[in-house]
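Participant:
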Amino acid sequence: MRFEPFDLTELQDAALLDRVDTKYIIGLHQLYAILPNVERDYRVLTIHTARLHAYQTLYFDTRDFTIYRQHHNGVASRYKVRARRYLDSDLAFLEVKHHTNRKRTVKTRLPIPDIETRLRGQSMEFIGEHTPFDPRELEPKLWNHYTRITLVSRHRPERVTIDTNVEFGWRDDCTMLPGLVIVEVKQARLSQDSEFIQHMRRLGIRPMSYSKYTAGVYSLYKPMKLNNFKAQIRQVNKIMQGEFEREFAY
C-alpha cells in the first residue's frame, strides 16, 4: 500500500466516538482492487512500520442473550458491551457501543490493564453508568479476533476500518470467515462526498448491516433466532464461496 502513514497520536484526534457508520461486506479480491483507488485521499495507521493490526475482543451479554435479541428484533436504541485489546499497541479498553434511535453510534470506553472475563469494581460501575443493564447479569459470551487496517480521510472527519481474518470462538468451538472483508466508514455526519463511499457506489457495492457479535453468536450458539439475519447470512456465504472458488481456480 502506498498510503501516507499516521500514528496513534493522530488516531486519538480522529476517534469519532459519536458518529454515523456505513458498513460494507466484500471479498478479499475486491479489497485489493479498491485500495489503490483511494490511497490519495486517505492515510493509514502505522505502528512500528506495521499497517495490519491484530485485535482481540470479548463480548458480554445476559444469560438469555438480551443484547443479541434486541439487535435481531431491530430495537432502535440498543447496546453492545465488550472488552477489547489492541495487540500491537498493548492497549485495552472496556467499551460500550450505543446504537441510538437517531441511527448514530456513540462509544464510551474505560482503560483497563487487560481483558477481564469477569466484570468487577470500576468495570461494573462503568457498565451501570453507560447501559440500562445490571452489570451483575452480564457474562462473557464470545471471543472475536481479526486483523484491521485503519484509514483516515485527508479531507473530512472520517475513518475507514477494514477487517479481515475474522474468527469467532467460545470454549471448544470456533468458526472463521475466510475471504470476507468487513468495511466500516465512520463519519461525524453522513456525507456522500466520502471518496470511499463514492468508490463503492461506482463498483455497485451497497451498504449492508452487519454485526460481528451477532454473526458470532448465531454461528456458535445453536439454535438461535436468526430469521432477520437470513439475507445477511446468504450474502456472506456467497462472498466466501466466491473467494474460495477464485483461490482454487488458478
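According to the numbering used here, the sequence shown is numbered sequentially starting from 1.
Beta carbons: idealized from backbone N, C-alpha and C, even for Gly.
All values reported here derive from a predicted model rather than from experimental measurement.
1) Please look up how many angstroms separate the CB atoms of Leu110 and Phe126, rounded, as I've assumed it's under 8 Å.
2) Would you call Thr131 buried or exposed, if buried means 16 or more other Cβ atoms sit within 10 Å of its Cβ?
3) Nearest to Thr103 by CA position, among Ala15, Pro223, Leu190, is which residue?
4) Within 10 angstroms of its Cβ, does Ile233 collect 16 or more other Cβ (buried), or is it exposed?
5) At which residues does the alpha helix (DSSP H) containing His130 begin and terminate?
6) Mind checking whether Met124 and Gly179 have CB atoms under 8 Å apart?
7) Could you tell me the alpha carbon to alpha carbon distance between Leu52 and Thr164, rounded to whole angstroms?
8) Distance, Cα to Cα, Arg78 vs His48?
9) Look up Gly74 in the DSSP assignment and say whether it is helix, strand or coil.
10) Are the beta-carbon atoms belonging to Arg159 and Thr147 less than 8 Å from one another?
11) Could you compute how far the alpha carbon of Leu226 sits from the alpha carbon of Leu45?
12) For Leu58 versus Pro113, is the C-beta spacing smaller than 8 Å?
13) What residues match up with Tyr59 in a beta bridge as DSSP calls it?
14) So, is Leu87 buried or exposed, given that buried needs 16 or more other C-beta atoms within 10 angstroms?
15) Thinking just about the alpha-carbon of each residue, which of Ile25, Glu129, Arg156, Arg63 is nearest to the one in Glu95?
16) Please classify Thr9: is it buried, with 16 or more other beta-carbons within 10 angstroms of its beta-carbon, or exposed?
17) Which full runs of the alpha helix (DSSP H) of 4+ residues lie inside the segment 14-64, going along the chain?
18) Where does Asn228 sit, in a helix, a strand or coil, going by DSSP?
Facilitator: The relevant details are as follows:
1) Approximately 5 Å separates the beta-carbon atoms of Leu110 and Phe126; this is inside 8 Å, confirming the contact.
2) Thr131 comes out buried.
3) Looking at the sequence shown, residue 103 is not Thr but Lys. It is Leu190.
4) Exposed is the label assigned to Ile233, since fewer than 16 other Cβ atoms lie within 10 Å of its Cβ.
5) For His130, the uninterrupted alpha helix (DSSP H) segment begins and ends at 121-130.
6) No, they are not a contact pair.
7) Using only the alpha carbons, I get a separation of about 9 Å.
8) Those two C-alpha atoms are separated by around 37 Å.
9) Looking at Gly74 - three-state DSSP - the assignment turns out to be coil, as it is neither helix nor strand.
10) No, Cβ-Cβ distance for Arg159 and Thr147 is not below 8 Å.
11) Cα to Cα, Leu226 sits roughly 35 Å from Leu45.
12) The criterion of a C-beta distance shorter than 8 Å is not satisfied by Leu58 and Pro113.
13) Here Tyr59 is bridged, per DSSP, to Arg82, Leu142.
14) Looking at its Cβ environment, which holds fewer than 16 other Cβ atoms inside 10 Å, Leu87 is exposed.
15) Ranking the options by Cα distance to Glu95, first place goes to Glu129.
16) Classification of Thr9: exposed, given that the 10 Å Cβ count is below 16.
17) Annotation note: the segment 14-64 contains the following uninterrupted alpha helix (DSSP H) runs of length 4 or greater, listed N- to C-terminal: 28-38.
18) Correct three-state label for Asn228: helix.
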